[in-house]
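Have a look at the structure below before the remarks.
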Amino acid sequence: GCTTPSQPGSPRLSTERQPLAIEDLYHLGWVENPAISPDGRWIAYVRVSVEQAANRYRRAIWLVASDGSARRKLTAGARTDSNPCWSPDGAQIAFVSNRDGDQPQLYLISVSGGEARRLTQARYAASDPAWSPDGRQIAFLSRLSVAEGQQEDAGNLPELPADPFERKQAQERQAHAET
Numbered sequence: 011g012c013t014t015p016s017q018p019g020s021p022r023l024s025t026e027r028q029p030l031a032i033e034d035l036y037h038l039g040w041v042e043n044p045a046i047s048p049d050g051r052w053i054a055y056v057r058v059s060v061e062q063a064a065n066r067y068r069r070a071i072w073l074v075a076s077d078g079s080a081r082r083k084l085t086a087g088a089r090t091d092s093n094p095c096w097s098p099d100g101a102q103i104a105f106v107s108n109r110d111g112d113q114p115q116l117y118l119i120s121v122s123g124g125e126a127r128r129l130t131q132a133r134y135a136a137s138d139p140a141w142s143p144d145g146r147q148i149a150f151l152s153r154l155s156v157a158e159g160q161q162e163d164a165g166n167l168p169e170l171p172a173d174p175f176e177r178k179q180a181q182e183r184q185a186h187a188e189t
C-alpha cells in the first residue's frame, strides 16, 4: 500500500492506490550528507523534513548503526544542521548550522549527545568542515578575500549592523564590490 493522509498531519496506511496529492509532499522526508564513522560502526546523516506552516525545510543530524540496529537524533531545533564530519577518533562531529543567526557557522557536538558548541563566528558564514588527521584542527570554508582574512585574524573587521535588514544590505554591498 501507500501512505496517504487521512487528516492534515495524520498519515494512515491504505491498501488502495490513490494519486499523490500536493499535500502529501509535506509528509515526505529524505536524507542528505551521509558520513561514515572512522570505525565504520555508525553513519551520521542529515534528515530533511518539510515544515509546512513556515514554508521551509528543517534539517537535523541523526546517527544510525551501520547494521541498522539502532538510530537516534543527535541535533534538534528550528533551524538547519548539516554537513556532519566525524573527528578522527569518532568521538565528536563537526557540523554546520544557522541555529544562532542567519549566517551558518561551525559547531561541535559529542557523539554521546549534549549541547553543541559553536566554533566559528565567521562574518560571511562557514561551511564544509574537514578535520586534520590528528584531530587537533578543523579546516572550513568561508567567503573572505585575503585582505579580509588577514584583518579578521588580527581582529580588525568592523562589526556588522545589529539590525538583520541592515546587516543583509551590508553583506550584499560587500559581495557586489567583490565582483
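In terms of this note's numbering, the sequence shown opens at residue 11 and continues consecutively. Ideal placement from N, C-alpha and C gives every residue a C-beta, glycine not left out. This structure is a prediction, so every number in the text was calculated from the model and none was measured.
For Tyr67, the three-state secondary structure derived from DSSP is strand. In the DSSP assignment, Glu125 falls outside any beta strand (DSSP E) and carries neither an H nor an E. Closest in alpha carbon position to Asp110, among Asn93, Ala135 and Gln102, is Ala135. Sequence-distant partners of Pro139 (beyond 5 residues in either direction) whose C-beta falls short of 8 Å from its own C-beta, in its chain, are Asn93, Cys95, Ala104, Phe105, Val106, Leu116, Ile148, Ala149 and Phe150. Contact between Ala75 and Trp40 is absent: CB atoms are separated by about 20 Å, not below the 8 Å threshold.
By the C-beta density criterion, Ile46 is exposed, having fewer than 16 other C-beta atoms within 10 angstroms. Take the alpha-carbon of Gln161 and the one of Lys178: they are about 20 Å apart. Look at Asp34 here: in three-state DSSP terms it is helix. Taking all protein chains in view, the Cβ of Gln131 is surrounded by fewer than 16 other Cβ atoms within 10 Å, so the residue is classified as exposed. Distances from the CA of Tyr67 to each of Ala80, Glu158 and Leu35 were compared; the closest alpha carbon is that of Leu35. For the pair Val121 and Ala101, the Cα-to-Cα distance works out to about 6 Å. Take Arg82, set aside five residues on each side of it, and the residues of its chain with a beta-carbon closer than 6 Å to its own are Leu73, in chain order.
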